[in-house]
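Asks:
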Amino acid sequence: MNTHYLKIFWQAIVLLAALSAPSAHTEPYLAFKNNLYCSACHINPIGGGARNTYGTFYGAQVLPQTPGSLLDVNNITESLRIGANFRANYTQVDNKNGEDSATFETQSGQLYIILQPKDSRFLLYIDEQLAPGGALNREAFILTKINDANSLKVGKLILPYGIRLEDDTAFIRQATGFNFDNSDNGVEWDLQTSHIFFSAALSNGSSGLTNNDRGLSYLTRIEYLGNNWRVGASGVYNDADLGARYQANIFGGFNWLGFTFLAELDHIKDKSITHIAGTYEQQKIGLLEVNREISKGINVKVTSEYADPETNIDENQRVRHSILIEYTPFANLQIRGGLRKGEDIPQKTLSNYTSIFAQLHFYY
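Quick note on our numbering: the sequence shown kicks off at 210 and runs consecutively.
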């Protein structure tokens, strides 16, 4: 890894610390910062997607520099609730091989629909991606609250695994396959108490409409919520005919002097890649993220990522560092921009780059 860029990266962290005096999004750092579960703001117990009444209030009153309406406008009727997300990007990339690029793109546009008959404990949840391209269903499930602590979901699910980052390009989300572009059909049970959140899921493991073999995927996730800190772990066993795939991670975070820290470490052992008895591919992936709200409506985010796509091969590690500013001037509108540096082995020229990016994010 180029030590010059690593030095710049750590200098940026020190600079942020110097500029940020102590003080008392669908982004998980908001849950970490406020010492809450993701279910505090989202209808889906594991977070992401449509926001509940408190999530709407937080996005309109707490997050932006200029607060918006106090009304929960997402409730259309007693039985119908809607929501939406839209992200448009500009990205400029300078590659070491000289293949530079600059482009505008629609990253994603989602519509959320929640139908719950009056006085019913069952609801229908739909997450439909409308852009880019044609319509694509990301999630569609029935959710029922068994009691105050237990809930059950059946249908097409984005399964709970590690930290539920919005950025699907993050190494920990790409390599593991658990991201917003990769749902699966199955059943999920969630248990939430004041300090423990436990999830267990049984799914096809094929990310398709039906299972393509006799095996299934078994997943568990547990998170302990302390006083301004949390720690958790996830595990997955996918019993596929091509070969079993094992995944596990540990994750956590804490608040300190106004900074919010998040971290995750993943290990993957995959026998379905080599197709040779007794052999397997192993990967190790990590993420460190630091957030600091420097004033109301302005958050600075610094991330450092590491990926070793095959631990049996020496010196093939990949790293990526990012720094960005998230500015929320008004309710339902956020502007994001930043700098990203990727480093890989010399043969992978497209993974050795420097990029700048800007994003306009509308949330409802």
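All C-beta atoms in this analysis are idealised placements derived from N, C-alpha and C, irrespective of residue type, glycine included. Source: prediction; values computed, not measured.
#1: Applying the criterion that 16 or more other CB atoms from any shown protein chain within 10 Å of the CB defines a buried residue, is K505 buried or exposed?
#2: By how many angstroms is the C-alpha of L345 removed from the C-alpha of D336?
#3: Evaluate contact between the segment 453-460 and the segment 470-477, counting only Cβ atoms and requiring at least three cross-stretch pairs below 8 Å.
#4: Just the Cα atoms here: how many angstroms apart are L361 and N306?
#5: Contact check, S408 vs R382 under 8 Å by CB: the rounded distance?
#6: By the DSSP assignment, the alpha helix (DSSP H) with Y263 in it spans what residues?
#7: Count the CB pairs spanning the segment 322-340 and the segment 397-414 that are closer than 8 Å, and state whether there are at least three.
#8: What residue range does the alpha helix (DSSP H) around S401 cover?
#9: Which of the three DSSP states is assigned to S248 in this structure?
#10: Determine, using beta carbons only, whether A297 and T315 come nearer to each other than 8 Å.
#11: Assuming D393 contacts G424 (C-beta within less than 8 Å), just tell me the rounded distance between them.
#12: Need the endpoints of the alpha helix (DSSP H) that L239 sits in, please.
#13: Locate the beta strand (DSSP E) running through R382, then write down its first and last residues.
#14: For the segment 544-560 against the segment 281-289, are there 3 or more C-beta pairs whose distance is under 8 Å?
#15: Nearest by alpha-carbon distance to N508: which of T469, L289 and K480 is it?
#16: Please find out if some non-hydrogen atom of the ligand NAD comes closer than 7 Å to the beta-carbon of F387.
#17: Using a Cβ cut-off of 8 Å (strictly closer), state whether K493 contacts chain C.
#18: Between P538 and Q274, is the Cβ-Cβ spacing less than 8 Å?
#19: Taking only the alpha-carbon atoms, compute the straight-line gap between V499 and F463 and give it to the nearest angstrom.
#20: Mapping the DSSP letters down to three states, classify V271 as helix, strand or coil.
#21: Considering only the beta carbon of each residue, do N294 and Q319 sit closer than 8 Å?
#22: For D399, does the count of other Cβ atoms within 10 angstroms reach 16, so buried, or fall short, so exposed?
#23: Helix, strand or coil: which one does DSSP assign to S329?
#24: State yes or no: is the C-beta of Q526 within less than 8 Å of the C-beta of E535?
#25: Distance check for N253 and K354, CA to CA, integer angstroms please.
#26: Between the alpha carbons of R454 and H570, how many angstroms are there, rounded?
#27: Going by alpha carbons, who is nearest to P237 out of R330, R290, Q270 and P369?
Replies: Here's the rundown:
#1: Residue 505 sits at position 296 when you count from the first residue of the sequence shown. Exposed, by the Cβ-count rule.
#2: In the sequence shown, the residue the question calls residue 336 occupies position 127. In the sequence shown, the residue the question calls residue 345 occupies position 136. In a straight line, the C-alpha of D336 is about 9 Å away from that of L345.
#3: Contact between the segment 453-460 and the segment 470-477 is present: three or more C-beta pairs spanning the two stretches fall below 8 Å.
#4: Reading the sequence shown from its first residue, position 152 is the one you call residue 361. Reading the sequence shown from its first residue, position 97 is the one you call residue 306. Approximately 50 Å between the Cα atoms of the pair.
#5: For the purposes of this step, residue 408 is taken as residue 199 along the sequence shown, with counting starting at 1. For the purposes of this step, residue 382 is taken as residue 173 along the sequence shown, with counting starting at 1. Separation of the CB atoms of S408 and R382 is rounded to 17 Å, and the pair is thereby denied contact status at 8 Å.
#6: The residue you call residue 263 lines up with position 54 of the sequence shown. Going by DSSP, Y263 is part of the alpha helix (DSSP H) stretching over T262 to F266.
#7: These segments do not touch.
#8: Along the sequence shown, one-based indexing puts residue 401 at 192. The identity of residue 401 in the sequence shown is Gln, whereas the question assumes Ser. Q401 -> not in any alpha helix (DSSP H); beta strand (DSSP E) instead, spanning D393 to Q401.
#9: The sequence position of residue 248 within the sequence shown is 39, counting from 1. DSSP, reduced to helix, strand and coil, places S248 within a helical segment of the structure shown.
#10: On the sequence shown, position 88 is the one that residue 297 refers to. On the sequence shown, position 106 is the one that residue 315 refers to. The answer is yes: Cβ separation under 8 Å.
#11: By one-based count along the sequence shown, residue 393 stands at place 184. By one-based count along the sequence shown, residue 424 stands at place 215. For D393 against G424, the beta-carbon gap comes to about 13 Å, at or over 8 Å, which does not count as contact.
#12: Locating residue 239 in the sequence shown gives position 30, where the first residue counts as 1. Taken as a continuous stretch (DSSP letters only), the alpha helix (DSSP H) holding L239 covers P237 to K242.
#13: Mapped onto the sequence shown, residue 382 falls at position 173. Counted as a single uninterrupted DSSP element, the stretch harbouring R382 is not any beta strand (DSSP E) but the alpha helix (DSSP H) occupying residues F380 to Q383.
#14: The segment 544-560, when compared against the segment 281-289, does not touch it at the 8 Å Cβ threshold.
#15: As a first step, residue 508 must be located in the sequence shown, where it is residue number 299. Among T469, L289 and K480, the Cα nearest to that of N508 belongs to T469.
#16: As presented, the structure is devoid of all ligands, the ligand NAD included, so that no description of it is given.
#17: No chain C is part of this structure, which consists of one protein chain only.
#18: As a first step, residue 538 is located in the sequence shown; it is residue number 329 there, counting from the start. As a first step, residue 274 is located in the sequence shown; it is residue number 65 there, counting from the start. Pairing P538 with Q274 gives a Cβ-Cβ distance under 8 Å.
#19: The residue labelled residue 499 in the question sits at position 290 within the sequence shown. The residue labelled residue 463 in the question sits at position 254 within the sequence shown. It is roughly 10 Å from the alpha-carbon of V499 to the alpha-carbon of F463.
#20: Residue 271 sits at position 62 when you count from the first residue of the sequence shown. V271 sits in a helix when the DSSP states are folded into three classes.
#21: In the sequence shown, residue 294 corresponds to position 85, counting from 1. In the sequence shown, residue 319 corresponds to position 110, counting from 1. At a Cβ-Cβ threshold of 8 Å, N294 and Q319 count as neighbours.
#22: Taking the first residue of the sequence shown as position 1, residue 399 is located at position 190. Classification of D399: buried, given that the 10 Å Cβ count is 16 or more.
#23: On the sequence shown, position 120 is the one that residue 329 refers to. Of the three classes helix, strand and coil, the one that applies to S329 here is coil, per DSSP.
#24: If you number the sequence shown from 1, residue 526 lands on position 317. If you number the sequence shown from 1, residue 535 lands on position 326. Going by C-beta atoms, Q526 is not nearer than 8 Å to E535.
#25: For the purposes of this step, residue 354 is taken as residue 145 along the sequence shown, with counting starting at 1. For the purposes of this step, residue 253 is taken as residue 44 along the sequence shown, with counting starting at 1. Distance from the CA of K354 to the CA of N253, rounded to the nearest whole angstrom, comes to 11 Å.
#26: Against the sequence shown, residue 454 aligns to sequence position 245. Against the sequence shown, residue 570 aligns to sequence position 361. Whole-angstrom Cα-Cα distance: 36 Å.
#27: On the sequence shown, position 28 is the one that residue 237 refers to. Nearest of R330, R290, Q270 and P369 to P237, Cα basis: P369.
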